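Visitor: Taken in order, these protein sequences are the chains called A and B. When the count follows my numbering, it moves up by one through the first sequence with no breaks and lands on 684 for the last residue. When the count follows my numbering, it moves up by one through the second sequence with no breaks and lands on 1684 for the last residue. Note that CB positions come from ideal geometry on N, CA and C, so glycine has one too. Keep in mind it's a predicted model, so treat the numbers as computed, not measured.
There are 2 protein chains.
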Amino acid sequence: MSPAVTDNARTGSDETPIAKRILIGEPLTSEELEGQLLPKRMALPIFASDALSSVAYAPQELLMILLLGGTAFLAFSPWVAAAVVALLIVVVLSYRQLIKAYPSGGGDYEVARTNLGERAGVVVAAALLVDYILTVAVSVASGVDNIISALPALDAWRVELAVGFVVLIILVNLRGVREASTAFAIPTYLFIGSVLVMIVTGLVRWALGDAPIADSAQYAVQAEDLSQVAVILLILRAFSSGCSALTGVEAVSNGVPAFRRPKVRNAQTTLVMMGSIAILMFAGLTMLALVAGVHYAEDPCHLVGFDCAAAVQPSLMAQVAAATFGGGSVLFFIIQAATAAVLLLAANTAFNGFPLLGSVLARDGYAPKALNTRGDRLVYSNGMIILGLAAALVLIVFQARLTTLIQLYIIGVFVSFSLGQLGMVKHWRRELRLLARSKSAERRGAYAGLLINALGATFTIVVLVIVTITKFTHGAWLVFLAIPVLSFLMIGVHRYYRDVEHEITMDDDVHFGASGDVAIVLVGTLQKPVAKAIDYALAAKHDKTIAVHIAVSADAARAVQDDWEFYRMPAPLLVIESPYRQYAAPLAQFIAQYRAKHGPSLMTVYLPQYIVGHWWETMLHNRRARRIAQQLMLVHGVQITLVPWLLDSSELIYGRRSRPLPGDDRAGRIPTYGLVSHTDDEQG
Amino acid sequence: MSPAVTDNARTGSDETPIAKRILIGEPLTSEELEGQLLPKRMALPIFASDALSSVAYAPQELLMILLLGGTAFLAFSPWVAAAVVALLIVVVLSYRQLIKAYPSGGGDYEVARTNLGERAGVVVAAALLVDYILTVAVSVASGVDNIISALPALDAWRVELAVGFVVLIILVNLRGVREASTAFAIPTYLFIGSVLVMIVTGLVRWALGDAPIADSAQYAVQAEDLSQVAVILLILRAFSSGCSALTGVEAVSNGVPAFRRPKVRNAQTTLVMMGSIAILMFAGLTMLALVAGVHYAEDPCHLVGFDCAAAVQPSLMAQVAAATFGGGSVLFFIIQAATAAVLLLAANTAFNGFPLLGSVLARDGYAPKALNTRGDRLVYSNGMIILGLAAALVLIVFQARLTTLIQLYIIGVFVSFSLGQLGMVKHWRRELRLLARSKSAERRGAYAGLLINALGATFTIVVLVIVTITKFTHGAWLVFLAIPVLSFLMIGVHRYYRDVEHEITMDDDVHFGASGDVAIVLVGTLQKPVAKAIDYALAAKHDKTIAVHIAVSADAARAVQDDWEFYRMPAPLLVIESPYRQYAAPLAQFIAQYRAKHGPSLMTVYLPQYIVGHWWETMLHNRRARRIAQQLMLVHGVQITLVPWLLDSSELIYGRRSRPLPGDDRAGRIPTYGLVSHTDDEQG
């Protein structure tokens, strides 16, 4: 079974409100997919912005944790930063291997699943899904933080701004990937350029003896007294916070299918370019912050002399920019704008990765099939909407607090890093066994791959352990809860689809020739919709056609019988009493009695049904027929035929469309439909 | 057309979750309705509690307004109270006439509609609907106020308590009227008894020179300086607030059909009993409050010496009871409990009146037919739920503030009073014309009726003018907005039903013999549900049966074609390409082409559909078939046949019910249903 599932009523392809067309654009044919692929210069902003934007918060979080121990601890920061850079290099090289070995875009998920088994794959997928959500949350929170650093008056609307940006990103992405990339390429390159200019300017000024000095350099820091163990823990915590610089490196490996050909080569080049720029910016920013004496505190009230009640603590980026270019300068605002923009772009990365992973999971039967349905614009709309809603929820729950969100973030990232690298180790070992008798060049390549990925696996596992130890009580436990829960859900979904598949696959059990075909037309009051249903039922030439009135009121039953005779209806009318004002049960009982007498029969129950033009009309009609249909479909050998009666209101809106043109129903509104009244049950 | 409409899925008669059975009780047959009728002793607590409970707040509001002018103004209170009593007598006598003339329970609505025309009737109905909502809100707010007066610690949960009581009342009422009356009779009689005992005790003590003194007698009152005009306005305001004692008098006239036979006589007797008791209690309580020197301020901070920040101002009832029996005495708590209980009973009155009026409006086509559907327990469940939700909303919006709610309340009450009485005047004048040649005794009776109702109309119109002038800026404008809005809605609904009726009534236009009957079976993947649909379609012996696959993916289309041949399916398969991943539009186009070639044909589209056992399973199946059905039903001459495929999960829950017993589906759960996948549209 491979059912493709459309999403909710708002995003499917068979109906398309005008508002949607304006927001999202004209629908595209499936063939237009190839035209949506990305050249490198466009792929970089899309897939690398996550990793690059990490430098907006990674140095800040690293220095912030060290500062908990007092300003003296800042002396450790070059070493901690160097460790982060070393790890970043290893991870970039590891992913370079992974892209080549698994270019299908499954990334860590596919690697883990193929090499470590279903469960590891599911765990990685769960970790990645959580990561994507947190990527959006962290990036948007940091972006808003940088906007507020430039415009402190906006502090009161922090959460509202964050949620607003998430909604904006959803809309941009529902338009499709290429248009988004065009609009988003400029800020990324502006960010890279302006931050590098700032780093060079600052360091040159420092070399010339005119070092930029941050405002916060004047504030002393209230430090905790730390035991020796606590000192080590603090340094490890600073390291693991700095590792947030690595987040997003995996995005390229998950996005390979969106690259232009040659996909693997292009993706690898983009990955290495991205890694180099990230290292340059991370090291440069950390160094410049140290030179400028930035004191960024987790709790700004620990800064002696800083009015933490009234003022907003600017982000590290804002402090460095203000120190280098001056707080009110044009360049300061450019840096802040570019930083905020690239962070929002990073959030955008997740809107490429999450739906792609979701579709892969749906294809493999681990997620609802709806995630594998492309919307009008060829993007996986459902995945985007789920991601956006989840991220908005996280932002609201954690009030867009960056540090808290980063605690959650790193865990999931390193779970998938570690399992992905472990899978690659296994992959190379299998390759080496297969290559046992091949040329030494190929074997050397495989050995190099094994070495790199083994190094990557070791490092990332060590970091995962450190992160777990140092972050668990700081909120990471939530992720430790979410990943297994998601994993179990995915395994459950998989089992469900397998069972259904087993149940409905064609086999020798299938036979044709259902017998004793009877039509039952449900009659409330004798009105035109009922007459139409009778006409249609007779046209189908069933073996027998019976009209049935379920009588909850003797008066109404008599009226129907009288009308039936008066209009000389061409089918017999049967009245069934229903003292409990039920409809489905007496009908089911009648069917059972009929079968007991006449043998097994296929029953087709005709239900007249109103089609209305406005949503509010549904409130004025009943839902009884719909409920009768639901109940009767539980009885074996019963099928339901809905005979529509188009009220004038529906005609006014949709016109008489007996000859619709191809695609003409795309422009129309989806009709709401009520159901034709069955009968009257007033007794009062 | 007189379709009876069931309500939402929770309250209909064809499905009944177990929780509902426990909360609401076993369903009753329609014949059991007569057994639910009320004897007088039971009718009194149900229909009179509204009017009687008014004495819990009417004296308080009357004295409170006068106190705005200072304690000296309390001297006016006996005169103002006397005016209220006089009005009450006139109104009771007027309604006595109304009950006799219009015993069907339409009350003011029916009188106004019959005598003053459709518009007046609709306005009265709107006013009454608003009144019922505010009866619930005011009564519950006052009940909670009296509970808090006895237990001040509950002050923090005022709104929560109020909403909780509304929910409780909804549940009690959904069980049906008689059981509710049994449970509710005791507190009413306890209230009447205990308050009368208190009044007698207090006045006897006063006569003996040992007058009860209220705590608040010690507090001086900050008064406003008033001009002469303001003095008159203040007295008029106090009068109109005191008129809240009249609210609820109309309840009996709206509830006549719920009385035992002879309905009119019993209802009239109950009305007069109720009026006498109300007058006794209103006058007694006002007098006792004056004797005890109760100072009840609109803003308790205007009481000099009262710590308005920390303490809660007890209700007038609580102050009088504390003065008479002592604040911690058992009798004090009995009075407070009985007062709170009777106020909740008054809220309950509205749960009899609103649904009855709703059903009358629905019967006349002014409200959704759903309001005229009796639930399992023979009560109009939908009306009850709407009323409860509206009252809870009002309580939340106005934070359960009694005085604000009473401002809103009185307007609506006097709008319906006035129009009802005016209608009665017209009624008697017509009667007198008809009786022009009858016996003088009958004419005398009619003259007496005319006199009484003319007096009632004059008084109530005068009060309405006073109330409007004095309360408009105090919130009553909201009601002046709500009544016309509701009236317009009702007229719109009426017009809608009339148009639909016109559209679907049988006429000469009806003819039989639809021709060219074609079955189209929609095929996604060839699986058992599709095979079943083909089998059923063939069994119906349509002129032609065609299987159609809408191809959004060439691979999937090929697979279906291969399977089709492999299993030698007994119907031809047609593949239609759909580059925009649409389903309904290409099918509609095919139907149009087919008709262009073969002439007009009736099309039956077969859609296989999953029936699942759990709500969450619907998330794992698509809703495409449902949407295709909605779209195709807009095409003329197309009907939809849903072929259910019961997944094992549904079997586990519902069992194989090929032979359901009568009513056996009442105990089951309503099935949720997903739809069989149509096809796979992955292209990625």
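Kindly list the residues whose CB is nearer than 7 Å to the CB of histidine 1598 of chain B, restricted to its own chain and excluding five residues on each side of it in sequence; keep chain order.
Guide: Gly1516
Visitor: Compute the distance between the beta-carbons of alanine 251 of chain A and methionine 490 of chain A, then report whether it is under 8 Å.
Guide: The answer is no: Cβ separation not under 8 Å.
Visitor: Can the beta-carbon of valine 1425 of chain B be found closer than 8 Å to that of alanine 1400 of chain B?
Guide: no
Visitor: Does the distance between the C-beta of valine 304 of chain A and the nearest non-hydrogen atom of the ligand MN fall short of 7 Å?
Guide: The ligand MN is not part of this structure, which contains no ligands at all.
Visitor: Would DSSP call alanine 1551 of chain B helix, strand or coil?
Guide: strand
Visitor: Under 8 Å by Cβ, that's how I've got serine 1487 of chain B and aspartate 1131 of chain B pegged, so tell me the actual separation to the nearest angstrom.
Guide: That belief does not hold up - the Cβ atoms of serine 1487 of chain B and aspartate 1131 of chain B are roughly 14 Å apart, past 8 Å.
Visitor: According to DSSP, simplified to helix, strand and coil, what is isoleucine 1213 of chain B?
Guide: In the three-state reduction of the DSSP assignment, isoleucine 1213 of chain B falls in the coil class, being assigned neither a helical nor a strand state.
Visitor: Assuming isoleucine 1213 of chain B and alanine 1292 of chain B form a contact by the criterion Cβ under 8 Å, report the distance between their Cβ atoms to the nearest whole angstrom.
Guide: Their Cβ separation, rounded to whole angstroms, is 6 Å, which keeps isoleucine 1213 of chain B and alanine 1292 of chain B in contact under 8 Å.
Visitor: From serine 1649 of chain B to glutamine 639 of chain A, what distance separates their C-alpha atoms?
Guide: 19 Å
Visitor: Establish whether the CB of threonine 545 of chain A and some CB of chain B are separated by less than 8 Å.
Guide: no
Visitor: Report yes if the C-beta distance between serine 216 of chain A and valine 294 of chain A is below 8 Å; otherwise report no.
Guide: yes
Visitor: Grab me the residues of serine 677 of chain A's own chain with a C-beta within less than 6 Å of its C-beta, minus the 5 sequence neighbours each way, in chain order.
Guide: Note that serine 677 of chain A scores 29 on pLDDT, short of 50, meaning its location in the model is unreliable; the coordinates nonetheless yield the value given after this. These residues qualify, in order along the chain: Gly524 and Asn622.
Visitor: Comparing C-alpha positions only, which one of A:Leu464, A:Leu647 and A:Met64 sits nearest to lysine 528 of chain A?
Guide: A:Leu647
Visitor: If I measure Cβ to Cβ from alanine 1588 of chain B and keep anything under 7 Å in the same chain, skipping five residues before and after, which residues do I get?
Guide: Once the five neighbours on either side are set aside, the close Cβ partners of alanine 1588 of chain B are Leu1632 and Val1635.
Visitor: So is tyrosine 1380 of chain B buried or exposed if we call it buried at 16+ other beta carbons inside 10 Å?
Guide: buried
Visitor: Going by alpha carbons, who is nearest to glycine 449 of chain A out of A:Ser142, A:Leu98, A:Leu74 and A:Ser418?
Guide: It is A:Leu98 whose Cα lies nearest to the Cα of glycine 449 of chain A.
Visitor: Look up leucine 151 of chain A in the DSSP assignment and say whether it is helix, strand or coil.
Guide: coil
Visitor: Would you kindly check if the distance between the Cβ of glycine 255 of chain A and the Cβ of glycine 383 of chain A is under 8 Å?
Guide: No. Outside cutoff.
Visitor: Could you run through the segment 545-566 of chain A and flag, in chain order, every residue whose CB is less than 8 Å away from some CB of chain B?
Guide: Val552, Ser553, Ala556 and Asp563
Visitor: Helix, strand or coil, according to DSSP, for glutamine 1639 of chain B in the structure here?
Guide: strand
Visitor: If you compare alpha carbons, which of B:Ala1457, B:Ala1441, B:Ile1591 and B:Ala1596 is closest to valine 1092 of chain B?
Guide: B:Ala1457
Visitor: Find out if the Cβ-Cβ distance for the pair leucine 357 of chain A, tyrosine 109 of chain A is shorter than 8 Å.
Guide: yes
Visitor: Under 8 Å between the Cβ atoms of leucine 642 of chain A and leucine 408 of chain A?
Guide: no
Visitor: Going by Cα to Cα distance, which pick from B:Ala1220, B:Pro1570 and B:Ile1235 is closest to isoleucine 1466 of chain B?
Guide: B:Ile1235
Visitor: Over the uninterrupted alpha helix (DSSP H) stretch that includes leucine 109 of chain A, give me the two end residues.
Guide: Note that residue 109 of chain A corresponds to tyrosine in the displayed sequence, not to leucine. Its alpha helix (DSSP H) spans residues 107-116.
Visitor: Under 8 Å between C-beta atoms, does histidine 542 of chain A make it to chain B?
Guide: yes
Visitor: Alpha carbon to alpha carbon, how far is methionine 287 of chain A from glycine 107 of chain A?
Guide: 33 Å
Visitor: Applying the criterion that 16 or more other CB atoms from any shown protein chain within 10 Å of the CB defines a buried residue, is glycine 1193 of chain B buried or exposed?
Guide: exposed
Visitor: Along the chain, where does the alpha helix (DSSP H) containing aspartate 1517 of chain B start, and where does it finish?
Guide: Not the alpha helix (DSSP H): aspartate 1517 of chain B falls in the beta strand (DSSP E), residues 1517-1522.
Visitor: Give the DSSP bridge partners of threonine 545 of chain A, in chain order.
Guide: A:Ala519
Visitor: Starting from methionine 1603 of chain B and walking both ways along the beta strand (DSSP E), at which residues does that stretch end?
Guide: 1602-1611
Visitor: DSSP beta-bridge partners for leucine 1062 of chain B?
Guide: According to DSSP, which records beta bridges pairwise, leucine 1062 of chain B is partnered with nothing at all.
Visitor: Does DSSP put proline 579 of chain A in a helix, in a strand, or in coil?
Guide: coil
Visitor: Kindly indicate if chain B contains any beta-carbon less than 8 Å away from that of valine 83 of chain A.
Guide: The question names valine, but residue 83 of chain A is alanine in the sequence shown. Alanine 83 of chain A does not count as touching chain B.
Visitor: With three or more C-beta pairs closer than 8 Å as the rule, is the segment 1342-1349 of chain B touching the segment 1052-1070 of chain B?
Guide: Yes, the segment 1052-1070 of chain B touches the segment 1342-1349 of chain B.
Visitor: Determine the extent of the alpha helix (DSSP H) in which glutamine 589 of chain A is found, giving its start and end residues.
Guide: 584-598
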